[in-house]
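Below: one structure, written as structure tokens.
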Amino acid sequence: MAYLPAGMPTPQPTRDDAPFWDACKRGALTIRHCDACGRFSHPPMPACPHCASTQLGWQEVSGNGTVYTYTVSHHPTHSALKGHGAYNVAVVLLDDADDVRLVTNIVDVAPQDLRIGLPVRVVWETVDDGCVVPRFRRRDDVPSAQPRGVQS
Ligand SMILES: [Zn+2]
0 MAYLPAGMPT PQPTRDDAPF WDACKRGALT IRHCDACGRF SHPPMPACPH
50 CASTQLGWQE VSGNGTVYTY TVSHHPTHSA LKGHGAYNVA VVLLDDADDV
100 RLVTNIVDVA PQDLRIGLPV RVVWETVDDG CVVPRFRRRD DVPSAQPRGV
150 QS
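Be aware that the sequence shown starts at 0, since it is given in numbering that gives the first Met the number 0, and climbs by one per residue.
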């Protein structure tokens, strides 16, 4: 079952991000990687945001990450969400792609169980128009990370 109901807007790939969406259809999370400075960036752009090089490629990453931040919406922000109930929007910090963060949803978790630092792994969901989007599910095989800036 899809995390969000049918009728939600779907990604409209552009020249810059079409390879990202094509890789999603293959179940691969690929991130823009700069051949000049060796850093990752997202969202995909025509030039590296770190060094302005246009020598850019794509690199597949593990799909593991942690919840950097999130919010739970109780109000329908789109007509397709009327009657749907609460849903989350999260930012996931990828484990192996510099400081790349993806805006996504965390599936199969109750709103009260979401927290910053929650370890997650990518899962794939086919939505309207056959588009495949990366969402994330909690990982129970690794301990939660301490949120950045929080002292224990
Ligand atoms: Zn660069």
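Positions of the beta carbon are idealized from the N, C-alpha and C atoms, including for glycine.
At the level of alpha carbons, what is the spacing between residue i and residue j?
{"i": "ARG134", "j": "ALA89", "result": "9 Å"}
{"i": "TYR86", "j": "LYS24", "result": "24 Å"}
{"i": "GLY64", "j": "MET44", "result": "22 Å"}
{"i": "ASP97", "j": "PHE19", "result": "17 Å"}
{"i": "LEU101", "j": "LEU92", "result": "7 Å"}
{"i": "PRO42", "j": "PRO48", "result": "10 Å"}
{"i": "ILE115", "j": "VAL60", "result": "21 Å"}
{"i": "TYR67", "j": "GLY6", "result": "28 Å"}
First and last residue of the beta strand (DSSP E) that includes residue i?
{"i": "CYS33", "result": "29-33"}
{"i": "ASN63", "result": "63-72"}
{"i": "LEU93", "result": "86-93"}
{"i": "GLY56", "result": "55-59"}
Using only alpha-carbon positions, find the residue among the options that is nearest to residue i.
{"i": "PRO75", "options": "THR68, ASP21, GLY84", "result": "GLY84"}
{"i": "ALA46", "options": "LEU117, ARG137, ALA79, ARG14", "result": "ARG14"}
{"i": "ARG137", "options": "GLY37, THR103, ARG38", "result": "THR103"}
{"i": "LEU55", "options": "SER40, THR68, VAL141", "result": "SER40"}
{"i": "GLN58", "options": "CYS33, VAL66, MET0", "result": "CYS33"}
{"i": "ALA22", "options": "ALA51, ALA79, THR125, VAL99", "result": "THR125"}
Terminal residues of the continuous alpha helix (DSSP H) containing residue i?
{"i": "ALA17", "result": "17-24"}
Taking only beta-carbon positions, decide if residue i is within less than 7 Å of chain C.
{"i": "ALA27", "result": "Of the protein chains in this structure there is only one, and it is not chain C."}
Pull up the DSSP beta-bridge partners for residue i, would you.
{"i": "ALA96", "result": "ASP98"}
{"i": "ARG134", "result": "VAL122"}
Q: Mind listing which residues have their beta carbon within less than 6 Å of any non-hydrogen atom of ligand 1? Chain order is fine.
A: CYS33, ALA35, CYS36, ARG38, CYS47, HIS49, CYS50, SER52
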